[in-house]
Amino acid sequence: MRISRHYIKGIPLNEESFSLDRDTSHYLVNVLRAKAKQQLKIFDGCGNEYLAEISSLDKKQTHLQLLKKLPANGESKLSLSLGVGLSKGERMDWVIQKSTELGIQKITPLITQRTELKIKPERLEKKMLHWQKIIISACEQCQRSTLPILEAPQPIYQWIENQNAELKYVLHHRSEEKLQAGKAVRSVALLIGPEGGLSEEEIQYSEKMQFKPLSLGPRILRTETAPLAALAILQYLWGDMA
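For the sequence shown, position 158 matches number 283 in this note's numbering, and the numbering has no gaps at all.
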């Protein structure tokens, strides 16, 4: 039987057994139909992962027994930061989910000159919780033990100025520069625009701040496709994708 895997915030690392909160207990009992003595893997999003067993459960509370600590999985040796223009519909959800699977360390939605999606301050917290749930679900699925950092949406110039990765790239179709292996690097920052792309002013400013122009070939990729293609290539060149 396949052992299910779950994110548990704040696992008490100095205790052998503990109780889950009501929502997690409800999910295990009513959705997964978990039973007493059933084993599962749990991780706290900070790199700690355990094999645990359900010692007792009911509709209100579930008690877990930690059996052994497991090796932390899924983290690339390449630190990747993605700044991507806010997009409408499910595009942003898709980028966050798939970039998590591809090993991103930090994701920042950006407000650019051509950003069409406007998030009102009163809706921002709800949106951030929604995106965080997507990250957690993706980590549960792809075997990562550490949650990527999700930053609140911020102006593109602010993000550009705060990047200090070894390599910094701005992706746009006006460039003919291609990714090349070169010497190994430990960190990369990647800048990608929204549906309408980055403005000339934004591209010029990023290049002024030492971002290298980058193209992924002759075809213009959608804003939800471009980050994933670029991240996969970066992981192949310097990360952990064979």
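All residues carry an ideal CB built from backbone N, CA and C; glycine is no exception.
Margin query: Is it the case that the stretch 308-322 contacts the stretch 340-358, given that we only count it when at least three CB pairs across the two stretches are under 8 angstroms?
Written below: yes
Note to self: Could you give the first and the last residue of the continuous beta strand (DSSP E) run that contains P69?
What the structure shows: The chain is shown from 126 up to 367; residue 69 falls before or after that span and cannot be answered.
Next item on the list: Decide if I274 is buried, meaning its Cβ has at least 16 other Cβ atoms within 10 Å, or exposed.
Entry: Residue mapping note: residue 274 aligns to position 149 of the sequence shown, counting from 1. I274 should be labelled exposed.
Check: Does DSSP classify I317 as helix, strand or coil?
Finding: For this step, residue 317 is matched to residue 192 along the sequence shown. Strand.
Next item on the list: Report the rounded CA-to-CA distance for H131 versus K162, giving the unit in angstroms.
Entry: Locating residue 131 in the sequence shown gives position 6, counting from the first residue. Locating residue 162 in the sequence shown gives position 37, counting from the first residue. In a straight line, the C-alpha of H131 is about 16 angstroms away from that of K162.
Check: In or out: A355 buried (at least 16 other Cβ within 10 Å) or exposed?
Finding: On the sequence shown, position 230 is the one that residue 355 refers to. The residue in question, A355, is buried, as its Cβ has 16 or more Cβ neighbours within 10 Å.
Next item on the list: Could you check the C-alpha separation between H255 and G199 for me, to the nearest Å?
Entry: What you label residue 255 is simply residue 130 of the sequence shown in a count that begins at 1. What you label residue 199 is simply residue 74 of the sequence shown in a count that begins at 1. Spanning the two alpha carbons is a distance of roughly 22 angstroms.
Next item on the list: Check whether the Cβ atoms of Q335 and K293 sit closer than 7 angstroms, and answer yes or no.
Entry: One-based indexing of the sequence shown puts residue 335 at position 210. One-based indexing of the sequence shown puts residue 293 at position 168. Yes, the pair counts as a contact, with Cβ atoms nearer than the cut-off.
Checklist line | Residue range of the alpha helix (DSSP H) that includes Q360 | finding: By one-based count along the sequence shown, residue 360 stands at place 235. Looking at the DSSP string, the run of the alpha helix (DSSP H) that includes Q360 is 351-363.
Next item on the list: Could you tell me whether the Cβ atoms of F143 and S270 are closer together than 7 angstroms?
Entry: Locating residue 143 in the sequence shown gives position 18, where the first residue counts as 1. Locating residue 270 in the sequence shown gives position 145, where the first residue counts as 1. No, the Cβ-Cβ distance between F143 and S270 is not below 7 angstroms.
Item checked: Residues that C171 bridges to, as DSSP identifies them -> Here residue 171 is taken as the residue at index 46 of the sequence shown, counted from 1. Looking at the DSSP assignment, C171 forms a beta bridge with T271.
Margin query: How far does the beta strand (DSSP E) with R127 in it extend, from its first residue to its last?
Written below: The sequence position of residue 127 within the sequence shown is 2, counting from 1. Segment: none, R127 is in no beta strand (DSSP E) and carries neither H nor E.
Check: By Cβ distance, which residues of its chain are closer than 7 angstroms to S331, with the 5 residues on each side in sequence left out?
Finding: Indexing the sequence shown from 1 puts residue 331 at position 206. Closer than 7 angstroms at Cβ, skipping near neighbours: I285, V295, L316.
Check: From which residue to which residue does the beta strand (DSSP E) around T187 run?
Finding: Taking the first residue of the sequence shown as position 1, residue 187 is located at position 62. First-last of the beta strand (DSSP E) with T187: 187-195.
Check: Just the Cα atoms here: how many angstroms apart are E250 and R147?
Finding: Taking the sequence shown and counting its residues from 1, the one referred to as residue 250 is at position 125. Taking the sequence shown and counting its residues from 1, the one referred to as residue 147 is at position 22. Approximately 22 angstroms, taken between the alpha carbons.
Check: For E178 versus L192, is the C-beta distance shorter than 7 angstroms?
Finding: If you number the sequence shown from 1, residue 178 lands on position 53. If you number the sequence shown from 1, residue 192 lands on position 67. Their beta carbons are under 7 angstroms apart, which means E178 touches L192 by this criterion.
Note to self: Please classify L138 as buried or exposed, where buried requires at least 16 neighbouring CB atoms within 10 angstroms.
What the structure shows: Reading the sequence shown from its first residue, position 13 is the one you call residue 138. With fewer than 16 other Cβ atoms within 10 Å, it is exposed.
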